[in-house]
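In this text, residue positions in the sequence shown follow this note's numbering: the first is 10, and each later residue adds one. Cβ atoms here follow ideal geometry from the backbone N, Cα and C, with glycine treated the same way.
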Amino acid sequence: MESSIINHSREDFLAQLEANGRKPSWIVEEMRTEAQRMKKASEVAAAQALREARRMQESARKMPQPQETEGKFEVRFAQVLVEIMTGRPTIAKPDMIMMPEPEKFEPLALVLSSTEQFYYRVTPSHCPCQGWYWSNVRYGIGKCRHHTQAFPEVAKENTRRIEQIKSQKKTQTGRRSAQ
Ligand SMILES: [Zn+2]
10 MESSIINHSR EDFLAQLEAN GRKPSWIVEE MRTEAQRMKK ASEVAAAQAL
60 REARRMQESA RKMPQPQETE GKFEVRFAQV LVEIMTGRPT IAKPDMIMMP
110 EPEKFEPLAL VLSSTEQFYY RVTPSHCPCQ GWYWSNVRYG IGKCRHHTQA
160 FPEVAKENTR RIEQIKSQKK TQTGRRSAQ
């Protein structure tokens, strides 16, 4: 009984196809068309995404870029930072602010400049001031007041190495003038 119903409906189906002037292979055709439509749609989506990405890139370029600080910060920024860390506003201007969490990051201190206008961002291996820069140019080793204040142990070692280089230079100059 059942099979005859199926056969019957299939015949109806085929008859309907005939009536619509379509061959049974139309399903394959439809599927192919659908696949092409989807491919096209995904290409359009990809193109749209690319356009969006370019647009975002463009607007990022137009946004103001962060200013290069060169490791030198106005006093008020250091005070804001202290407020961020302690939860209390401050107008204090200590000569040095040791930063917390040295086990996670490189030890860091903010050291007040002699003009008391700025804080220098000082680490065991760097100070952004002129004194440090020129010491580095001259001896290949940095040394300055801020670094000595923040990291006296490292500074002592740097001083020892600089003294060594100085005395070597003196010996060389002495030999040259003796010749
Ligand atoms: Zn310095």
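Which of the three DSSP states, helix, strand or coil, is assigned to Leu121? In this structure, Leu121 counts as strand in the three-state DSSP scheme.
Suppose contacts are defined by Cβ-Cβ distances below 8 Å. Is Met105 in contact with Ala159 by that definition? For Met105 and Ala159, yes; Cβs fall inside 8 Å.
Let me know the secondary structure DSSP gives Thr168 once reduced to three states. Thr168 sits in a helix when the DSSP states are folded into three classes.
I'd like to check one pair, Gly140 with Arg154: are the Cβ atoms closer than 8 Å? Against a cut-off of 8 Å, the Cβ pair of Gly140 and Arg154 comes out as a contact.
Residue interval of the alpha helix (DSSP H) (run including Ile36): Per DSSP, Ile36 belongs to the alpha helix (DSSP H) from 35-71.
Would DSSP call Ile106 helix, strand or coil? Secondary structure of Ile106 (DSSP, three-state): strand.
With H, G and I counted as helix, E and B as strand and the rest as coil, what does DSSP make of Arg85? Assignment of Arg85 by DSSP, reduced to helix, strand and coil, places it in the helix class.
So which residues put a beta carbon under 5 Å from any heavy atom of ligand 1, going in chain order? Those residues, listed in chain order, are Cys136, Cys138, Trp141, Cys153, His155.
What residue from Lys165, Glu162, Glu166, Tyr148 has the CA that sits closest to Gln177's CA? Considering only alpha carbons, the answer is Tyr148.
Which same chain residues, not among the five before or five after Ile150, have their C-beta less than 7 Å away from its C-beta? Cβ neighbours of Ile150 beyond the five flanking positions: Ser144, Asn167, Arg170, Ile171.
Does Asp21 pass the burial test, meaning 16 or more other C-beta atoms within 10 Å, or should it be called exposed? Exposed: under 16 other Cβ atoms inside 10 Å.
Counting along the chain, where does the alpha helix (DSSP H) carrying Arg154 start and finish? First-last of the alpha helix (DSSP H) with Arg154: 154-159.
Give me whichever residues DSSP pairs with Val131 in a beta bridge. Beta-bridge pairing links Val131 to Ala118.
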